[in-house]
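Student: This is the structure, below, for whatever I ask next.
Number of protein chains: 2
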Amino acid sequence: MTPGTRRAGDMPPEEFRRLAHEAADWMADYLGGVGSLPVLAQVQPGDVKRRLPAGPPERGEDPELILADFRDIVIPGITHWNHPAFFGYFSISGSGPGILGEMLAAALNVNAMVWRSSPAATELEEVATDWLRQLVGLPAGFEGIINDTASSSVLYALAAAREVAYPEVHRNGLFGLPRGRVYASEHAHSSIEKGALTLGFGQEGFRTIPTDDAFRMRPDALRAALEEDRAAGIRPVAVVATTGTTSTTSVDPVDAIGPITREFGAWLHVDAAYGGPTAIVPELRPLLAGWEEADSVVVNPHKWLFTPVDCSVLYCRRPQDLVRAFSIVPEYLRSADTGKARDLMDYGVALGRRFRSLKLWFVLRYFGRDGIVANLREHVRLARAFAGWVEATEGWELAAPVPYAVVCFRFAPAGIGTEQADALNQRILDRVNAGGEAFLTHTRLRGRVVLRLAVGNVKTTEAHVARAWELLREAGRAEL
Amino acid sequence: MTPGTRRAGDMPPEEFRRLAHEAADWMADYLGGVGSLPVLAQVQPGDVKRRLPAGPPERGEDPELILADFRDIVIPGITHWNHPAFFGYFSISGSGPGILGEMLAAALNVNAMVWRSSPAATELEEVATDWLRQLVGLPAGFEGIINDTASSSVLYALAAAREVAYPEVHRNGLFGLPRGRVYASEHAHSSIEKGALTLGFGQEGFRTIPTDDAFRMRPDALRAALEEDRAAGIRPVAVVATTGTTSTTSVDPVDAIGPITREFGAWLHVDAAYGGPTAIVPELRPLLAGWEEADSVVVNPHKWLFTPVDCSVLYCRRPQDLVRAFSIVPEYLRSADTGKARDLMDYGVALGRRFRSLKLWFVLRYFGRDGIVANLREHVRLARAFAGWVEATEGWELAAPVPYAVVCFRFAPAGIGTEQADALNQRILDRVNAGGEAFLTHTRLRGRVVLRLAVGNVKTTEAHVARAWELLREAGRAEL
Numbered sequence: 427m428t429p430g431t432r433r434a435g436d437m438p439p440e441e442f443r444r445l446a447h448e449a450a451d452w453m454a455d456y457l458g459g460v461g462s463l464p465v466l467a468q469v470q471p472g473d474v475k476r477r478l479p480a481g482p483p484e485r486g487e488d489p490e491l492i493l494a495d496f497r498d499i500v501i502p503g504i505t506h507w508n509h510p511a512f513f514g515y516f517s518i519s520g521s522g523p524g525i526l527g528e529m530l531a532a533a534l535n536v537n538a539m540v541w542r543s544s545p546a547a548t549e550l551e552e553v554a555t556d557w558l559r560q561l562v563g564l565p566a567g568f569e570g571i572i573n574d575t576a577s578s579s580v581l582y583a584l585a586a587a588r589e590v591a592y593p594e595v596h597r598n599g600l601f602g603l604p605r606g607r608v609y610a611s612e613h614a615h616s617s618i619e620k621g622a623l624t625l626g627f628g629q630e631g632f633r634t635i636p637t638d639d640a641f642r643m644r645p646d647a648l649r650a651a652l653e654e655d656r657a658a659g660i661r662p663v664a665v666v667a668t669t670g671t672t673s674t675t676s677v678d679p680v681d682a683i684g685p686i687t688r689e690f691g692a693w694l695h696v697d698a699a700y701g702g703p704t705a706i707v708p709e710l711r712p713l714l715a716g717w718e719e720a721d722s723v724v725v726n727p728h729k730w731l732f733t734p735v736d737c738s739v740l741y742c743r744r745p746q747d748l749v750r751a752f753s754i755v756p757e758y759l760r761s762a763d764t765g766k767a768r769d770l771m772d773y774g775v776a777l778g779r780r781f782r783s784l785k786l787w788f789v790l791r792y793f794g795r796d797g798i799v800a801n802l803r804e805h806v807r808l809a810r811a812f813a814g815w816v817e818a819t820e821g822w823e824l825a826a827p828v829p830y831a832v833v834c835f836r837f838a839p840a841g842i843g844t845e846q847a848d849a850l851n852q853r854i855l856d857r858v859n860a861g862g863e864a865f866l867t868h869t870r871l872r873g874r875v876v877l878r879l880a881v882g883n884v885k886t887t888e889a890h891v892a893r894a895w896e897l898l899r900e901a902g903r904a905e906l
Numbered sequence: 427m428t429p430g431t432r433r434a435g436d437m438p439p440e441e442f443r444r445l446a447h448e449a450a451d452w453m454a455d456y457l458g459g460v461g462s463l464p465v466l467a468q469v470q471p472g473d474v475k476r477r478l479p480a481g482p483p484e485r486g487e488d489p490e491l492i493l494a495d496f497r498d499i500v501i502p503g504i505t506h507w508n509h510p511a512f513f514g515y516f517s518i519s520g521s522g523p524g525i526l527g528e529m530l531a532a533a534l535n536v537n538a539m540v541w542r543s544s545p546a547a548t549e550l551e552e553v554a555t556d557w558l559r560q561l562v563g564l565p566a567g568f569e570g571i572i573n574d575t576a577s578s579s580v581l582y583a584l585a586a587a588r589e590v591a592y593p594e595v596h597r598n599g600l601f602g603l604p605r606g607r608v609y610a611s612e613h614a615h616s617s618i619e620k621g622a623l624t625l626g627f628g629q630e631g632f633r634t635i636p637t638d639d640a641f642r643m644r645p646d647a648l649r650a651a652l653e654e655d656r657a658a659g660i661r662p663v664a665v666v667a668t669t670g671t672t673s674t675t676s677v678d679p680v681d682a683i684g685p686i687t688r689e690f691g692a693w694l695h696v697d698a699a700y701g702g703p704t705a706i707v708p709e710l711r712p713l714l715a716g717w718e719e720a721d722s723v724v725v726n727p728h729k730w731l732f733t734p735v736d737c738s739v740l741y742c743r744r745p746q747d748l749v750r751a752f753s754i755v756p757e758y759l760r761s762a763d764t765g766k767a768r769d770l771m772d773y774g775v776a777l778g779r780r781f782r783s784l785k786l787w788f789v790l791r792y793f794g795r796d797g798i799v800a801n802l803r804e805h806v807r808l809a810r811a812f813a814g815w816v817e818a819t820e821g822w823e824l825a826a827p828v829p830y831a832v833v834c835f836r837f838a839p840a841g842i843g844t845e846q847a848d849a850l851n852q853r854i855l856d857r858v859n860a861g862g863e864a865f866l867t868h869t870r871l872r873g874r875v876v877l878r879l880a881v882g883n884v885k886t887t888e889a890h891v892a893r894a895w896e897l898l899r900e901a902g903r904a905e906l
């Protein structure tokens with residue numbers, strides 16, 4: 427028997443107050459001091475699990491004990507995305523105002539499935555996504571909806587595309603319909619193929635388009651694929667252009683892809699999950715030229731806009747097609763307001779919805795356009811500075827252009843074969859990550875192992891990037 | 427021009443500390459005092475939006491101003507799910523420990539897509555979902571995964587079912603395959619039909635099964651439907667049994683449905699989103715008999731287990747089928763750990779994942795088995811007390827049995843026609859809700875408008891239920 431307390435009702439408000447203050451202090455200490463923790467969790471698979479009881483407690487436990495275990499068992503198993511030298515994946519960070527918004531949303535715990543179940547959550551979502559739309563310069567016809575991730579957003583966009591390509595699908599499903607396809611570059615995110623699989627297109631229903639030497643979708647290859655498929659009786663359902671691919675942040679030429687997509691009658695979805703926020707920065711916006719002609723666009727504030735996960739905004743110029751794909755209003759959700767206001771449940775799979783717009787609204791207000799521009803511009807500057815150091819150093823080379831704030835590079839000193847260089851770069855990566863001072867990830871480009879340094883954290887300074895570069899060179903010398 | 431500050435970097439840690447303490451106090455005050463606010467937001471569509479600027483701020487704003495607008499503009503537009511007299515929908519509530527867990531998770535802001543991107547988040551999810559599995563008494567073969575909502579969970583379960591029913595689907599999609607169907611009771615949740623639509627089955631690929639006089643799926647009708655469809659060449663993909671339907675919380679007889687489902691080779695999914703947690707209460711567990719034979723089961727801690735939205739646990743006895751439906755591992759997510767530990771991204775659509783297990787772990791530890799049982803038992807007791815008052819009162823009647831903590835009832839005084847009674851009950855509902863002291867929703871059962879009182883909030887006491895009953899009777903007299 428676990429000793430403890432049998433608790434009926436909720437935690438008493440004064441106990442909650444005390445613990446919330448304790449948590450607030452922990453959070454402030456953590457955010458202020460995370461730079462001194464190892465970035466990558468220094469644990470092996472199973473280490474965390476082994477320190478936890480195999481079964482649940484029979485009686486309620488002292489919350490101080492829970493917080494102590496959080497600090498002593500959970501934290502050592504955390505890879506710190508907040509660390510200013512976390513340069514892995516997309517190096518996404520929340521920010522103070524975003525965390526405050528999330529705290530308050532957790533306390534409110536409303537479910538904005540229909541307007542009346544929480545009017546402010548529905549309307550604030552409309553306002554915050556429209557503010558973001560204005561910031562990134564998309565035309566007024568785009569209506570925004572917040573999903574958990576871009577994976578869900580692209581699934582919903584492709585569902586709308588399927589609805590348009592196959593008017594019969596809502597009633598009869600895909601059985602017996604002519605084969606259809608979704609197109610994206612070979613560097614597009616895995617969620618697009620996952621979306622196509624989920625929707626019943628199969629892997630055959632997803633075709634990758636070759637890229638040019640800057641890893642951008644080749645419009646001529648897209649046209650050739652569409653023509654070939656049309657001749658084979660395959661229906662083009664959607665083309666997904668990516669502005670900021672996951673490996674290299676390459677930017678597909680949306681302005682050239684759009685007219686081809688139209689010509690073949692397909693839906694144009696722009697995956698700007700990563701690149702979208704950069705449209706707020708005047709000198710970066712031209713890279714996105716043509717996205718305003720898309721049917722749908724996804725922009726992830728949780729990726730490069732200082733908003734804690736999860737917050738992915740799907741903009742759609744044809745929201746009625748989205749609603750048509752998903753809307754089913756059962757009686758228990760009907761009310762006098764049905765039809766008078768937006769019911770967010772109609773725009774996707776999930777019925778329950780957290781109050782995600784609150785943190786986005788906090789972030790947009792706290793930073794304002796100027797603050798967002800300043801942060802994004804600094805991240806791009808840091809990445810380009812790093813790229814410059816790589817280029818200037820004997821034996822090191824850039825592996826891709828740097829349109830945004832991710833640098834793909836490689837140590838390939840003279841006299842080392844390509845296979846050997848792959849293994850060498852892997853060892854460099856492992857050595858740097860094991861040190862705990864910086865964290866990077868890798869990718870493969872044209873078959874070669876390539877290191878990636880992604881800047882995107884609001885706490886990252888030039889000193890962190892410079893130190894990472896020092897560690898990489900040291901590791902290069904040590905592993906050579 | 428908005429006056430303000432251009433902010434580079436994050437909010438300074440000491441500013442965050444001050445504001446987090448301010449937020450903590452607001453949260454404690456709110457949770458302690460929510461009972462004195464109007465339950466249903468007393469606003470009209472557009473009221474909140476009108477009070478917010480049409481465009482985003484150019485420069486960063488004072489965070490005190492943001493918090494003030496939160497209190498003055500957002501809060502009046504909130505329908506308070508925390509209010510102890512919120513009896514609408516499923517009356518779900520978070521709890522102090524759940525909110526603390528969410529606060530800390532927001533600060534950590536990790537993304538547990540693969541093990542190494544946050545080992546503790548992956549392993550704590552394994553531990554917390556296994557503790558919950560033990561609490562509800564599901565066998566050890568069930569592996570849990572946390573999704574945002576049961577809508578996502580059922581989509582993933584049905585995707586796995588589709589993978590099993592059609593081995594060719596992964597490669598070729600549904601084109602050209604024999605028609606298939608998903609079955610659920612006519613009282614099942616709309617997300618099941620949505621899931622079938624998403625997966626490409628169409629509305630024709632979803633068949634509802636009639637219910638008995640207690641709104642439970644009729645096994646004989648299920649068998650008849652499966653036989654009829656088999657004769658017509660339609661492939662049975664999945665049967666969804668619901669334990670706790672949305673309108674009445676009726677419980678489908680899983681023990682009778684399971685063997686029929688097996689016999690026809692279909693996947694059995696049990697939607698125990700609402701009813702699942704009740705298996706922790708010994709005297710309620712028998713209602714779920716047979717669920718241990720399911721292929722997948724969904725249990726929502728955010729529904730009736732004091733965990734803030736979103737937290738839906740999908741238990742699967744065939745996790746490899748889930749993985750098969752979704753797993754695509756691109757190079758940029760591969761690492762030395764790939765395959766050695768669980769990569770949560772493989773079990774569904776979303777790649778990004780919040781650290782949702784933290785709040786669930788806090789809740790399970792704070793309340794313990796005893797505390798959970800005490801709370802659930804009390805909610806059931808309150809609902810049954812209310813049902814007793816309805817039954818004992820002239821002119822009022824129960825409209826459905828009360829297996830859990832939702833009461834469906836109706837005012838139908840002698841001499842009033844059924845249509846008139848529908849309108850009367852609608853007026854009663856509107857009158858009570860407009861008063862702001864209690865909030866209920868309605869449903870339709872066999873065509874009739876029925877009022878619903880759902881108990882599920884950890885703050886609700888008998889006094890709140892009694893007051894709601896008083897208000898309903900007053901409204902009944904006033905509207906008659």
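In the order they appear, the protein sequences are chains A and B.
For the first sequence, the positions run 427 to 906 when our numbering is used.
For the second sequence, the positions run 427 to 906 when our numbering is used.
From the three backbone atoms N, C-alpha and C, an ideal C-beta is built for every residue, glycine too.
Everything numeric in this text was worked out from a predicted model, so none of it was measured.
1. Could you give the distance in angstroms between the alpha-carbon of Thr428 (chain A) and the alpha-carbon of Leu457 (chain B)?
2. Kindly identify the DSSP beta-bridge partner or partners of Ser697 (chain A).
3. Apply the 10 Å Cβ neighbour rule to Ser462 (chain B) and answer buried if 16 or more other Cβ atoms are within range, or exposed otherwise.
4. Along the region 625-637 of chain B, what residues have a CB closer than 7 angstroms to any CB found in chain A?
5. So if I threshold CB-CB distances at 7 angstroms, which residues from the region 815-846 of chain B count as touching chain A?
6. With H, G and I counted as helix, E and B as strand and the rest as coil, what does DSSP make of Tyr515 (chain B)?
7. Find the residues of chain A that neighbour Ile854 (chain B), judging by a C-beta separation of less than 8 angstroms, and give them in chain order.
8. Please report the distance separating the alpha-carbon of Pro371 (chain A) from that of Ala667 (chain B).
9. Decide if Leu906 (chain B) is buried, meaning its Cβ has at least 16 other Cβ atoms within 10 Å, or exposed.
10. Quick check: the Cα distance between Lys620 (chain B) and Asp697 (chain A), rounded to an integer number of angstroms?
11. Any idea if Ala446 (chain B) is buried or exposed, counting beta-carbon neighbours within 10 angstroms, 16 or more meaning buried?
12. List the residues of chain A that Gly481 (chain B) touches, going by C-beta distances under 7 angstroms, in chain order.
13. Quick check on the DSSP output: the alpha helix (DSSP H) that includes Asn598 (chain B) runs from which residue to which?
14. Could you tell me the distance, in whole angstroms, from the CA atom of Cys834 (chain B) to the CA atom of His596 (chain B)?
15. Please report the distance separating the alpha-carbon of Val859 (chain A) from that of Leu581 (chain B).
16. In chain order, which continuous runs of the beta strand (DSSP E) of length 3 or greater are located wholly inside the region 809-853 of chain A?
17. In terms of DSSP beta bridges, what is Val876 (chain A) paired with?
18. Measuring CA to CA, which of B:Asp495, B:Gln468 and B:Gly522 is closest to Glu440 (chain A)?
19. In three-state DSSP terms, what is Thr624 (chain A)?
20. Please confirm if Leu581 (chain A) has its CB atom under 8 angstroms from at least one CB of chain B.
21. Taking the alpha helix (DSSP H) that Ala546 (chain B) falls in, what are its first and last residues?
22. For chain A, check one thing: does any of its Cβ atoms lie closer than 8 angstroms to the Cβ of Met529 (chain B)?
23. Just to confirm the assignment, what range does the alpha helix (DSSP H) spanning Ala751 (chain A) have?
24. Chain B beta carbons: is any one of them nearer than 8 angstroms to that of Val595 (chain A)?
25. Let me see if you follow: with CB-CB separation under 8 angstroms, is Leu623 (chain B) close to chain A or not?
26. Using a Cβ-Cβ cut-off of less than 7 angstroms, give me the residues of the region 696-721 of chain A that come near chain B, in sequence order.
27. Hey, could you find the ends of the alpha helix (DSSP H) Tyr582 (chain B) is sitting in?
28. Let me know the secondary structure DSSP gives His613 (chain B) once reduced to three states.
29. Report the partner residues of Met643 (chain B) according to the DSSP bridge assignment.
30. Please go through the same chain and pick out, in chain order, the residues whose beta-carbon is closer than 7 angstroms to the beta-carbon of Asp638 (chain B), but skip the five residues on each side of it.
31. Could you tell me whether the Cβ atoms of Gln846 (chain A) and Val875 (chain A) are closer together than 8 angstroms?
32. Does any residue of chain B bring its CB to less than 8 angstroms from the CB of Met427 (chain A)?
Tutor: Taking the coordinates as given:
1. Your numbering for residue 428 (chain A) matches position 2 in the first sequence. Your numbering for residue 457 (chain B) matches position 31 in the second sequence. The predicted model places Thr428 (chain A) with a pLDDT of 46, which falls under 50 and marks its position as unreliable; any figure quoted below should be read in that light. Computed Cα separation, rounded: 29 angstroms.
2. The residue you call residue 697 (chain A) lines up with position 271 of the first sequence. Here residue 697 (chain A) is Asp; the residue named in the question, Ser, does not match the sequence. Partner(s): A:Thr668 and A:Val724.
3. Counting from 1 along the second sequence, the entry for residue 462 (chain B) is found at position 36. By the neighbour-count criterion, in which 16 or more other beta carbons inside 10 Å mark a residue as buried, Ser462 (chain B) falls on the exposed side.
4. Leu625, Gly626, Phe627, Gly628, Gln629, Glu630 and Gly631
5. Hits within the stretch: zero.
6. Within the second sequence, numbered from 1, the residue matching residue 515 (chain B) stands at position 89. Correct three-state label for Tyr515 (chain B): coil.
7. If you number the second sequence from 1, residue 854 (chain B) lands on position 428. Result: empty, since nearest Cβ-Cβ is about 14 angstroms, beyond 8 angstroms.
8. Residue 371 (chain A) is absent from the model: chain A starts at 427 and stops at 906.
9. Taking the second sequence and counting its residues from 1, the one referred to as residue 906 (chain B) is at position 480. Its Cβ having fewer than 16 others within 10 Å, Leu906 (chain B) is exposed.
10. Here the question's residue 620 (chain B) lines up with position 194 in the second sequence. Here the question's residue 697 (chain A) lines up with position 271 in the first sequence. Near 24 angstroms, if we compare the C-alpha coordinates of Asp697 (chain A) and Lys620 (chain B).
11. What you label residue 446 (chain B) is simply residue 20 of the second sequence in a count that begins at 1. So Ala446 (chain B) counts as buried.
12. The sequence position of residue 481 (chain B) within the second sequence is 55, counting from 1. Going along chain A in sequence order, the residues near Gly481 (chain B) (Cβ under 7 angstroms) are Trp557 and Gln560.
13. As a working note, residue 598 (chain B) is residue 172 in the second sequence. Per DSSP, Asn598 (chain B) belongs to the alpha helix (DSSP H) from Val595 to Asn598.
14. Counting from one through the second sequence, the residue named residue 834 (chain B) turns up at place 408. Counting from one through the second sequence, the residue named residue 596 (chain B) turns up at place 170. In a straight line, the C-alpha of Cys834 (chain B) is about 43 angstroms away from that of His596 (chain B).
15. Here the question's residue 859 (chain A) lines up with position 433 in the first sequence. Here the question's residue 581 (chain B) lines up with position 155 in the second sequence. Checking the displayed sequence, the identity of residue 859 (chain A) turns out to be Asn instead of Val. Our two residues, Asn859 (chain A) and Leu581 (chain B), have alpha carbons roughly 37 angstroms apart in a direct line.
16. Scanning the region 809-853 of chain A for uninterrupted beta strand (DSSP E) segments of 3 residues or longer gives 822-824 and 832-837, listed from N- to C-terminal end.
17. By 1-based counting over the first sequence, the position of residue 876 (chain A) is 450. Answer is A:Thr869, bridged to Val876 (chain A).
18. Indexing the first sequence from 1 puts residue 440 (chain A) at position 14. If we check each option's Cα against that of Glu440 (chain A), B:Gly522 comes out closest.
19. Reading the first sequence from its first residue, position 198 is the one you call residue 624 (chain A). Thr624 (chain A): helix per DSSP, three-state reduction.
20. Counting from 1 along the first sequence, the entry for residue 581 (chain A) is found at position 155. Output row for Leu581 (chain A): interface = yes.
21. Here the question's residue 546 (chain B) lines up with position 120 in the second sequence. Residues Pro545 to Val562.
22. Reading the second sequence from its first residue, position 103 is the one you call residue 529 (chain B). For Met529 (chain B), the answer is yes, since a Cβ of chain A falls inside 8 angstroms of its Cβ.
23. As a working note, residue 751 (chain A) is residue 325 in the first sequence. Segment Pro745 to Phe752, the alpha helix (DSSP H) holding Ala751 (chain A).
24. As a working note, residue 595 (chain A) is residue 169 in the first sequence. So yes, Val595 (chain A) belongs to the interface.
25. The residue given as residue 623 (chain B) occupies position 197 in the second sequence. By this cut-off, Leu623 (chain B) is an interface position.
26. Residues: none.
27. Walking along the second sequence from the start, residue 582 (chain B) turns up at place 156. Ala576 to Ala591 is the span of the alpha helix (DSSP H), which, as asked, contains Tyr582 (chain B).
28. Taking the first residue of the second sequence as 1, we reach residue 613 (chain B) at position 187. In the three-state reduction of the DSSP assignment, His613 (chain B) falls in the coil class, being assigned neither a helical nor a strand state.
29. Mapped onto the second sequence, residue 643 (chain B) falls at position 217. DSSP, once it has assigned bridges, lists B:Thr637 as partnering Met643 (chain B).
30. Taking the second sequence and counting its residues from 1, one reaches residue 638 (chain B) at position 212. The answer, listed in chain order, is Arg644.
31. Start at 1 with the first residue of the first sequence, and residue 846 (chain A) comes out as number 420. Start at 1 with the first residue of the first sequence, and residue 875 (chain A) comes out as number 449. Going by C-beta atoms, Gln846 (chain A) is not nearer than 8 angstroms to Val875 (chain A).
32. Residue numbering aside, residue 427 (chain A) sits at position 1 when the first sequence is read from its first letter. Note that Met427 (chain A) has pLDDT 37, beneath the 50 cutoff, so the model's placement of it is unreliable and the number below is only indicative. By this cut-off, Met427 (chain A) is not an interface position.
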